[in-house]
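Residue numbers (this note's numbering): 384 to 495. Virtual Cβ for every residue (Gly too), placed ideally from N, Cα, C.
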Amino acid sequence: MVEQTPDDLDLDAVFQALAHPIRRAILEQVADGPESVSELADPHDVSLAAVSKHLHVLEDAGLIDIEKDGRVRRCHLNAAPLSAAFGWLTRYRVFWEDRFDALAIHLEEESQ
384 MVEQTPDDLD LDAVFQALAH PIRRAILEQV ADGPESVSEL ADPHDVSLAA VSKHLHVLED
444 AGLIDIEKDG RVRRCHLNAA PLSAAFGWLT RYRVFWEDRF DALAIHLEEE SQ
């Protein structure tokens with residue numbers, strides 16, 4: 384059995400949250416500033432309950448904070464977990480860029 388550190392679990396939650404197009408769209412919406420749950424639901428052809436479930440996934444991943452303002456719940460972006468995901472992806476981008484550079488050199492040598 385593979386044991387995961389808390390950082391791995393957080394990264395798993397971030398990628399799980401980013402895996403759905405509605406959740407990615409919601410993150411783009413709150414990137415422009417806080418929005419209410421109903422404002423976030425408007426552009427999507429799903430129920431308010433479905434949007435609420437998406438918001439819970441985003442909140443569990445630490446990507447949004449939900450604040451109650453009377454009867455209105457406002458969602459704020461928390462971009463810090465995206466930084467961890469970006470760092471993980473960057474390692475593999477560098478790896479693949481190095482591989483492609485090596486392939487280009489190899490192909491150039493073969494063609495001569």
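Contact set for residue i: own chain, Cβ-Cβ below 6 Å, skip 5 residues either direction
i       : result
Val-455 : Ser-419
Leu-490 : none
DSSP three-state assignment for residue i, whether helix, strand or coil
i       : result
Arg-454 : coil
Leu-438 : helix
Ser-430 : coil
Residues of its chain near residue i, where Cβ-Cβ distance is below 7 Å and the 5 sequence neighbours each way are ignored
i       : result
Ile-406 : The residue asked about is misnamed: residue 406 is Arg in this sequence, not Ile. These residues qualify, in order along the chain: Ala-400, His-437, Val-440 and Leu-441.
Glu-492 : none
Pro-417 : Arg-457, Cys-458 and His-459
Straight-line Cα distance separating residue j from residue i
i       : j       : result
Asp-443 : Ile-449 : 11 Å
Pro-426 : Ser-466 : 27 Å
Ala-396 : Ser-494 : 46 Å
Phe-398 : Ala-487 : 32 Å
Cβ neighbours of residue i in the same chain (closer than 8 Å, five flanking residues each side left out)
i       : result
Asp-393 : Ala-444, Gly-445, Pro-464 and Ala-467
Val-434 : Ile-405, Ile-409, Val-420, Leu-423, Ala-424 and His-427
Val-413 : Leu-423, Ile-447, Cys-458, His-459 and Leu-460
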